[in-house]
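**Q** Can you keep this structure in mind? I'll have questions shortly.
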Amino acid sequence: MITGTKIKLRDKRPTDALDDYTWRTDLELAQLDATPLLTITFPQYLSDYASEVRYPSPTRRPFAVETLDV
């Protein structure tokens with residue numbers, strides 16, 4: 013975990029799936045993130061997401077960003 017004055021970066025958890033899905037299915041946010049717009053259903057995404065969290069890739073480390081109350 014990395015903590016700054018305004019945000020905290022942490023490893024993603026299964027509870028982050030809905031927020032990630034919402035981000036990746038929003039056209040404007042997907043463009044800002046330079047990722048293709050997601051077109052699968054949430055249950056399909058949740059299955060893939062759970063596998064990624066349980067069995068992380070050795071070449072990729074996804075983080076969640078939390079805003080700190082200051």
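Adding 12 to a residue's 1-based position in the sequence shown gives its number in the numbering used here.
We put the CB at the ideal spot given by N, CA and C, even for glycine.
Taking its Cβ as the centre, do 16 or more other Cβ atoms sit within 10 Å of Ala62, making it buried, or is it exposed?
**A** Answer is exposed; the Cβ neighbour count stays below 16.
**Q** Let me confirm a value: Ala46 is counted as buried when at least 16 other C-beta atoms fall within 10 Å, else exposed. Which label applies?
**A** Ala46 should be labelled exposed.
**Q** Do Phe75 and Lys24 have their beta-carbon atoms positioned less than 8 Å apart in this structure?
**A** It is a contact, given that the beta carbons lie within the stated cut-off.
**Q** Taking the alpha-carbon of Leu49 as reference, which of Glu40, Gln56, Pro55 has the nearest alpha-carbon?
**A** Nearest option by C-alpha distance: Glu40.
**Q** Taking DSSP as the reference, what is the three-state secondary structure of Arg25?
**A** If DSSP states are grouped into helix, strand and coil, Arg25 belongs with coil.
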